[in-house]
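In full-length UniProt numbering, the protein residues as written are 1 to 577.
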């Protein structure tokens with residue numbers, strides 16, 4: 001019942017379609033009730049020698065059977081069409097809520113497991129919403145109609161024939177809870193298998209280069225064995241239910257034939273009435289058998305719903321506004337006592353700074369100093385554990401997410417490209433843009449010469465995650481994508497890490513004029529890129545060890561000067577090599 005309550009909000013928009021399905025289902029079962037009654041009339045006609053009446057009963061029986069087949073098809077189409085639409089609605093809601101989650105959610109959920117929820121778990125729910133609801137509704141109608149007809153024929157014999165059914169209910173009640181528990185374990189195990197497949201496909205180059213295929217295959221075999229074992233346990237539980245369902249129908253029929261036959265011999269019941277009684281009783285057999293299947297289906301769907309609830313139970317995010325006008329106002333940024341940790345690992349400690357609107361700010365520091373984490377906090381991917389970030393004097397946590405995204409142009413260090421062409425990736429945020437903008441973007445990020453050498457130019461497909469491009473090309477495409485969408489606040493997380501020093505300086509020199517009037521934070525380990533900036537924050541071990549203009553920091557003896565000296569020595573070594 002909890003599973004059905006979960007589905008109610010998704011069933012309501014299709015109530016008219018479901019009502020039509022119920023109407024056709026009622027008509028189907030009403031016609032099913034006609035068939036045994038015609039059979040009774042035919043036998044009584046034979047007994048009375050009324051062969052013309054027999055012909056009429058046979059004709060009506062055949063007509064009822066044909067009509068029942070047609071109405072049954074119409075009812076199934078309504079229910080199954082509703083289930084497909086519910087699946088689409090659920091998938092849309094899941095993706096909407098998934099994209100509205102903060103970064104910690106993705107830190108605690110494996111990609112393969114999330115994919116499993118979008119595929120296998122949704123399939124379980126669709127089966128319940130379609131065949132499950134159809135079977136339950138049909139079973140209710142069959143039991144209701146058949147019981148009325150059985151009681152009309154012989155109340156006493158009906159009570160005798162239904163004696164095995166309470167035993168079925170006891171077995172179902174005892175097994176259903178264990179079915180739910182093991183269905184949940186099966187779905188979790190399937191999530192781990194899906195995760196292993198996703199990691200194997202996405203990381204196939206690393207696996208082959210590191211000669212890790214044997215180890216990965218062995219680990220995958222262990223996960224498959226675990227999934228198989230859990231499925232076998234579930235199958236054994238289902239095997240306890242189905243035989244009970246199968247036995248109920250024949251046992252009820254046997255009781256009816258034994259006690260009903262005695263009444264026919266005693267003259268208390270007509271032969272036609274006994275045959276009609278057994279025909280109505282046989283009609284209970286198939287719905288009863290399907291109830292065992294629906295029980296397992298319901299438990300699997302309930303387990304799936306428990307896995308989907310963390311997503312669907314979150315507040316629905318504000319509508320995405322990718323097509324809305326970008327906000328080009330340069331904001332002022334201020335942080336007061338920022339602290340942040342990934343789990344038990346502290347990363348940032350008491351960060352405090354003040355950035356005026358339109359400032360060009362560098363974030364310097366060595367590996368692990370907290371540069372990327374700071375930009376993630378400013379992007380609102382994570383929320384600080386203590387302290388606050390203010391944007392134009394307003395707490396970032398209180399700002400409307402969609403409105404803030406329209407101000408933001410963020411480029412992560414390992415930006416992901418999407419399957420498609422180079423053009424589609426560069427203009428991902430503004431797909432309606434023309435070729436002039438496309439060429440301007442490619443020129444700004446120093447891609448125009450390389451694109452000219454591609455056989456298909458901007459129509460070149462980048463492959464899954466951009467694997468057809470080099471690391472430096474991927475980073476420049478991400479920069480171009482941000483440039484096309486634009487925004488008043490730019491957060492650049494070491495976007496030149498895969499470029500050589502000369503190319504990085506060239507790209508930055510072309511970008512800087514286009515960022516005039518924007519508030520820009522550039523995190524990088526190359527302090528040479530900070531020349532001419534308004535301000536530089538220098539991080540060390542998650543704290544600000546220095547801040548000031550590049551000239552002031554270079555003149556002082558501190559973290560910034562050591563980073564600059566280290567970069568100079570590396571450049572000399574590369575030059576001598």
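All residues carry an ideal CB built from backbone N, CA and C; glycine is no exception.
Everything numeric in this text was worked out from a predicted model, so none of it was measured.
Asked	Found
Given that a residue counts as buried once 16 or more other Cβ atoms are within 10 Å of its Cβ, and exposed if not, what is residue 8?	exposed
Write down every uninterrupted run of the alpha helix (DSSP H) in the stretch 521-550 whose length is 4 residues or greater and which is fully enclosed by it, in chain order.	none
In this structure, how does DSSP classify residue 353 when only helix, strand and coil are distinguished?	strand
Note down, in chain order, each residue of its chain lying with its Cβ closer than 8 Å to the Cβ of residue 540, except the 5 sequence neighbours on either side.	365, 366, 369 and 559
To the nearest angstrom, how far is the alpha carbon of residue 284 from that of residue 85?	30 Å
Is DSSP giving residue 374 helix, strand or coil here?	helix
Relative to the C-alpha of residue 293, which candidate in 533, 128, 144 and 498 has its C-alpha closest?	128
Tell me where the beta strand (DSSP E) around residue 342 begins and ends.	333-342
My parser needs the beta strand (DSSP E) runs of 3 or more residues fully inside the stretch 468-511; what are they?	489-493
Report all residues from its chain with a CB closer than 6 Å to the CB of residue 72; omit the five preceding and five following residues, and keep chain order.	28
Tell me residue 394's beta-bridge partners as DSSP assigns them.	391
Would you check if there are 3 or more beta carbon pairs closer than 8 Å linking the stretch 217-233 to the stretch 178-194?	yes
On a CA-only basis, which of 524, 256, 528 and 538 is nearest residue 413? Give me that one, please.	524
Fully enclosed by the stretch 110-154, which alpha helix (DSSP H) runs are 4 residues long or longer?	111-116, 122-127 and 133-153
Rounding to the nearest angstrom, what Cα-Cα distance links residue 399 and residue 378 in this structure?	12 Å
What would DSSP say about residue 365, mapped onto helix, strand or coil?	strand
If I follow the unbroken beta strand (DSSP E) through residue 411, where does it start and stop?	408-411
When you compare the CB positions of residue 130 and residue 80, do they come within less than 8 Å of one another, or not?	yes
For the pair the stretch 291-307 and the stretch 345-364, tell me if three or more CB-CB distances fall below 8 Å.	no
Going by DSSP, what residue range makes up the alpha helix (DSSP H) through residue 439?	435-444
For the putative contact between residue 482 and residue 403, defined by C-beta atoms under 8 Å, what is the C-beta separation to the nearest angstrom?	No, residue 482 and residue 403 are not in contact; Cβ-Cβ is about 18 Å, not under 8 Å.
DSSP beta-bridge partners for residue 578?	Past the boundaries of the shown model lies residue 578; the chain is included only from 1 to 577, so the question cannot be answered.
Residue 104 lies in the alpha helix (DSSP H); which residues open and close that run?	103-107
Using the three-state DSSP reduction, which class does residue 379 fall into: helix, strand or coil?	coil
Leaving aside the five residues before and after residue 441 along the sequence, list all residues of the same chain whose C-beta is less than 6 Å from its C-beta, in chain order.	426, 480, 483 and 484
Taking C-beta to C-beta, are residue 407 and residue 329 nearer than 8 Å?	yes
So, residue 311 versus residue 97, is the Cβ gap smaller than 8 Å?	yes
For the alpha helix (DSSP H) that contains residue 451, what are its first and last residues?	448-453
Determine whether the beta carbon atoms of residue 277 and residue 179 lie at a separation below 8 Å.	no
Taking C-beta to C-beta, are residue 341 and residue 385 nearer than 8 Å?	yes
Compute the distance between the beta-carbons of residue 331 and residue 471, then report whether it is under 8 Å.	no
Considering only the beta carbon of each residue, do residue 363 and residue 537 sit closer than 8 Å?	yes
Using only CA atoms, which one of 394, 338 and 392 lies nearest to residue 376?	338
Reducing DSSP to helix, strand and coil, say where residue 518 ends up.	coil
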